[in-house]
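In the working numbering, the protein residues as written are 334 to 626. Where a beta carbon is used, it is the ideal one built from N, C-alpha and C, also for glycine.
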Amino acid sequence: MPAVQPGILAPVPRAARYLTFNLKEGTDPRDTLRALARAADGKNCVVGLGEPLLRALNRTIDGLRRFPVFASAKIDIPSTPAALWCWLRGEDRGEIVLRARAMEAMLASAFEPISVIDAFRYGSGRDLTGYEDGTENPRGKKAVQAAVSDDMKAGMAGSSFVAVQQWVHDLEKFSAMPARQQDHTIGRRKRDNEEIGGAPESAHVKRTAQESFTPEAFVLRRSMPWADATRAGLIFTAFGRSLAAFEALLKRMTGTEDGTVDALFAFTRPVTGTYFWCPPVKGRGLDFRAIGL
Ligand code: HEM
């Protein structure tokens with residue numbers, strides 16, 4: 334088993350906090366990153382590095398780029414690059430709050446938070462619409478194959494790429510839909526999670542059927558619902574051996590190929606879009622050899 338950050342392959346935790354940071358202007362982040370490599374275990378804290386950070390370090394990671402502009406006349410897909418991403422995972426929300434504060438303090442000399450989002454598991458792993466999320470995720474060896482880079486160079490073996498988007502749901506609009514229309518939006522029945530063979534082409538699972546792509550577009554989804562006082566939705570998170578499968582999926586969702594837009598867009602929209610490279614682990618910390626640390 335390659336030295337992948339274990340939180341990537343583990344099931345979605347009960348609670349989480351997503352911290353996203355920009356690099357402070359005029360700072361050299363290397364000492365702070367060394368401290369991060371010792372502090373983050375990849376299990377309770379999964380870490381991703383963004384293209385702006387690598388550019389500041391004068392480094393490149395093959396396959397990491399900025400979140401692209403998805404050219405679709407009908408849908409706006411934002412691209413919101415960021416330097417650093419920490420997905421704090423756990424079972425106790427209080428403990429996560431305290432860990433997040435410690436992490437922010439540790440990073441403060443070089444990084445400033447641009448977003449802090451609390452997320453949670455709903456029931457057996459449902460989206461806030463009530464639908465099971467993650468059913469068609471690859472498992473076991475197939476999960477590793479989908480999510481972990483096959484680059485065997487030191488510092489790259491065991492690494493992964495992740496696409497992260499915050500989606501804001503219009504839950505009133507969704508709950509006003511008749512049950513059949515809801516099921517046809519997803520392409521599965523909420524009642525028993527059965528796939529609906531005769532669902533429209535716009536149904537989400539028809540747009541994203543991973544085996545229907547050439548090459549097949551398997552990703553490892555680890556999305557979690559989020560909510561604040563007024564808004565709610567999903568932090569969509571897809572890990573990949575590269576970012577190609579995610580891009581193929583989203584391209585088809587936006588109707589760029591055939592004009593059919595994913596029915597999800599009728600009630601939900603992404604408000605962020607970021608790519609990160611998740612380094613492998615070494616011992617009890619992160620392995621930053623690929624960025625020269
Ligand atoms: C608010 C946003 C989203 C929601 C609520 C959502 C929800 C769901 C649900 C309920 C399923 C069916 C069960 C399952 O297999 O997990 C599903 C499947 C899937 N979704 Fe999403 N999803 C969202 C966004 C996305 C995005 C942005 C992508 C990729 C770009 C994506 C990729 C997939 C894939 C690959 C499947 C499995 C399809 C298959 O092979 O059967 N989803 N999603």
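With a 10 Å radius around its C-beta and 16 neighbouring C-beta atoms as the bar for buried, classify residue i as buried or exposed.
{"i": "A452", "result": "buried"}
{"i": "E428", "result": "exposed"}
{"i": "T541", "result": "buried"}
{"i": "V449", "result": "exposed"}
{"i": "L431", "result": "exposed"}
{"i": "P558", "result": "buried"}
{"i": "G456", "result": "exposed"}
{"i": "P548", "result": "exposed"}
{"i": "V402", "result": "exposed"}
{"i": "Q338", "result": "buried"}
{"i": "K584", "result": "buried"}
{"i": "T563", "result": "exposed"}
{"i": "A487", "result": "exposed"}
{"i": "S508", "result": "exposed"}
{"i": "A623", "result": "buried"}
{"i": "G491", "result": "buried"}
{"i": "A435", "result": "exposed"}
Once the 5 residues before and after residue i are set aside, which same chain residues still bring their CB inside 8 Å of it?
{"i": "D466", "result": "G458, R459, D460, R554, S556, L567"}
{"i": "A512", "result": "K523"}
Candidates the options: which alpha carbon is nearest residue i's?
{"i": "G616", "options": "L431, A372, A348", "result": "A372"}
{"i": "M277", "options": "G625, V538, A599", "result": "Because the chain in this structure spans residues 334 to 626, residue 277 falls outside the shown range and cannot be described."}
{"i": "M489", "options": "D395, E424, A435, A348", "result": "D395"}
{"i": "P385", "options": "A416, G456, V402", "result": "A416"}
{"i": "P612", "options": "E544, D484, F403", "result": "D484"}
{"i": "T593", "options": "M436, T518, R350", "result": "T518"}
{"i": "D516", "options": "T462, E544, Q543", "result": "T462"}
{"i": "T468", "options": "A487, N526, R513", "result": "N526"}
{"i": "M439", "options": "F400, L352, R398, A512", "result": "L352"}
{"i": "F569", "options": "R454, R399, L397, G531", "result": "R454"}
{"i": "W610", "options": "F400, E445, A560, D503", "result": "F400"}
{"i": "L397", "options": "S482, H502, Y464", "result": "S482"}
{"i": "D314", "options": "K475, H502, C378", "result": "Within the shown structure, residues of the chain are numbered from 334 to 626, placing residue 314 beyond reach of any answer."}
Considering only residues of the same chain and omitting the five flanking positions on each side of residue i, which have a CB-CB separation below 6 Å?
{"i": "F572", "result": "I341, A480, S493, V495, L553"}
{"i": "R350", "result": "L421, I429, A433, D451"}
{"i": "A370", "result": "G618, L619, F621"}
{"i": "L582", "result": "T541, A550"}
Quick one: residues in its chain with C-beta nearer than 7 Å to the C-beta of residue i, no 5 flanking neighbours on either side, listed in chain order?
{"i": "P411", "result": "P603, V604, T605, G606"}
{"i": "A443", "result": "L356, K357, T360, P362, T365"}
{"i": "E424", "result": "P346, R347, A348"}
{"i": "T587", "result": "F403, S405, I408, I410, V594"}
{"i": "G473", "result": "none"}
{"i": "K506", "result": "F600"}
{"i": "P414", "result": "G383, E384, P385, R399, F400, T607"}
Do you know offhand how far residue i's Cα is from residue j's?
{"i": "A596", "j": "P362", "result": "42 Å"}
{"i": "R522", "j": "G625", "result": "49 Å"}
{"i": "E580", "j": "G381", "result": "18 Å"}
{"i": "T393", "j": "P533", "result": "42 Å"}
{"i": "A389", "j": "A404", "result": "28 Å"}
{"i": "V497", "j": "W420", "result": "11 Å"}
{"i": "K297", "j": "D409", "result": "Outside the displayed range of the chain (334 to 626) lies residue 297, so it cannot be described from this structure."}
{"i": "N391", "j": "G383", "result": "13 Å"}
{"i": "W418", "j": "R426", "result": "19 Å"}
{"i": "F713", "j": "L387", "result": "The chain is shown only over 334 to 626; residue 713 falls outside these bounds and no answer can be derived."}
{"i": "D591", "j": "A441", "result": "46 Å"}
{"i": "W500", "j": "F546", "result": "24 Å"}
{"i": "H537", "j": "A565", "result": "19 Å"}
{"i": "N470", "j": "I447", "result": "30 Å"}
{"i": "R343", "j": "Q478", "result": "It is Ala, not Arg, that sits at residue 343 in the sequence shown. Straight-line Cα distance between these residues: approximately 15 Å."}
{"i": "Q543", "j": "R574", "result": "15 Å"}
{"i": "T589", "j": "G375", "result": "36 Å"}
{"i": "R524", "j": "A336", "result": "39 Å"}
{"i": "Q514", "j": "I529", "result": "12 Å"}
Answer with yes or no whether the minimum CB distance from residue i to chain B is below 9 Å.
{"i": "M485", "result": "This model lacks chain B altogether, as it is built from one protein chain only."}
Mind listing, in chain order, the continuous alpha helix (DSSP H) runs of no fewer than 4 residues lying wholly within the stretch 368-412? Within the stretch 368-412, the complete alpha helix (DSSP H) runs of at least 4 residues are 384-389.
Please go through the stretch 508-547 and give each complete beta strand (DSSP E) segment of 3 or more residues, from N-terminal end onward. none
Whole beta strand (DSSP E) elements within the stretch 409-487, 3-residue minimum: 417-423, 444-453
Runs of beta strand (DSSP E) lying entirely within the stretch 540-617, each at least 3 residues, in chain order: Complete beta strand (DSSP E) runs here, min 3: 557-560, 565-573, 601-603, 607-611.
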